[in-house]
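Heads up, the thing below is written out as structure tokens.
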Amino acid sequence: MMDKESDVAKRFESERDNLLGNFNASDQTLISGLIGDIFPLINGDRYSHYSVSDGDAAGRVSSPQRLYVAFHYKTPIGYISDKDILKFINGDVDRIEFINELLRDDADERFFEMMMNYSEKCKKDSFDILISIYDCFLNSEKLKTSLESNYGFLSKDIYRQINWLTNKIISDYENKYSLIKKLIERENNAPLGGDVLYKAREQYNGEYHETKWISEAELKEMEEIFQSVAIHALSTKKFINNHLESHIFFELKRSSKTKAAHYIIDTLNSYDGIIRVSEIIGNSGSDSTNGPYVKIEKDDFYDMINIEKLKEHAMNINLETQPIHIQAVIKSIIDGKKYYLRDGSLGEMW
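Per the working numbering, residue 797 is the first one in the sequence shown, and the count goes up by one each step.
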């Protein structure tokens, strides 16, 4: 059928009206309203109390694929049904295989939308569910590509979606302390553990009066656990291939400037130390112009390391022997300017 969906909906309008004629006036109004809400294309531009910006995400039948899901047990490729998500949550399927399949089918965005809707169903399996997500996504080429991409304000990247889901599941979980502790002390998801700690800390230090996940004493315990985990993850270069080392380091810096400073100084004084320091501090952020960039500013490191000494080490490096992203970091250490990691180009000064 090559016609537009809206044209098809219009063509069968009289047939729908004839069927509605079998009901009394009050029932006709009720049924017509329900049909319009469930099938947004029928409603057209008419006002509805229950209209939504994204009909598909809200479960409305607004596309051929959605109708397929409504009529069939199996879903089209790249599409996930409510039943699929509940099987994943309940452990009725192999969670790792499930996630790997949705990655192959490019269905990750749909997965996170559905998981946000059903997060309260995770309950006692919350930890196992989260680590299955972490282990698959943190090691995926899709996440790596995502982190290398150009992201501006309001971008919806995979790593951010994992964070949102983590926060939602923790909020819905009764024994938050035990879940948070298990997540933070697990080195395989150190970057995300750092994000959980940041969220818990901000509940005490932030502008908004949020419900506290854990007590101040428990928060202090979590800080110490994360500091140990982060230092070990950096020392073993566990996340060097997926662009998350800088993320771990800056979360360590937030948790303890003293320990972060000691780690950087010790690393700088080791063999090829300036190269390793460049790997660790070399991702300052990402923008919509050219993706990930580095900008080493004195104000960010003055209380951690002697910037002039860092520059001395950097100026002794032969840039031509280094990969592009390391060249960019070395240049930024020397002149404090913004450079893109992708191609080493100089970023604009806003």
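For each residue, glycine too, the CB sits at the ideal point set by N, CA and C.
Per DSSP, S1082 is one residue of the beta strand (DSSP E) stretching across G1081 to D1083. The C-alpha of I1070 lies about 48 Å from the C-alpha of K917. A distance of 8 Å or more separates the beta carbons of Y1059 and L1106. For a cut-off of 8 Å, the C-beta gap from L926 to L979 is around 7 Å, short enough to register as a contact. Annotation: T1007 to L988 spans about 20 Å, alpha carbon to alpha carbon. As for any alpha helix (DSSP H) of minimum length 4 sitting wholly inside the stretch 949-1026, the runs are 954-968, 972-980 and 986-1001, ordered along the chain. Looking only at E1012, Q1123, G1132 and E893, the smallest Cα-Cα distance to Y1098 is reached by G1132.
Only exposed fits M1111, as fewer than 16 other CB atoms lie within 10 angstroms of its CB. Taking every protein chain shown into account, the CB of D904 has 16 or more other CB atoms within 10 angstroms, so this residue is buried. The continuous alpha helix (DSSP H) containing Y1059 extends over residues K1053 to L1064. One Cα belongs to D1139, the other to N1086, and the distance between them is close to 9 Å.
The beta carbon of L898 sits closer than 7 Å to the beta carbons of I876, D904 and F907 from its chain, once the five residues preceding and following it are set aside; these are given in chain order. Linking L816 to R807 through their CA atoms gives a straight-line distance of about 16 Å. In this structure, the alpha-carbon of K1033 lies about 10 Å from that of I1027.
Assigned with DSSP and collapsed to three states, P1088 falls in strand.
Secondary structure at L1040: coil, using DSSP grouped into helix, strand and coil.
The closest CA to that of I1077, considering only S1066, Y1089 and D1083, is found on Y1089. Annotation for K1134: the continuous beta strand (DSSP E) segment containing it runs K1134 to Y1136.
Close CB contacts of F923 within its chain, under the 8 Å cut and outside five residues either way in sequence, are with L975, K978 and L979 (chain order).
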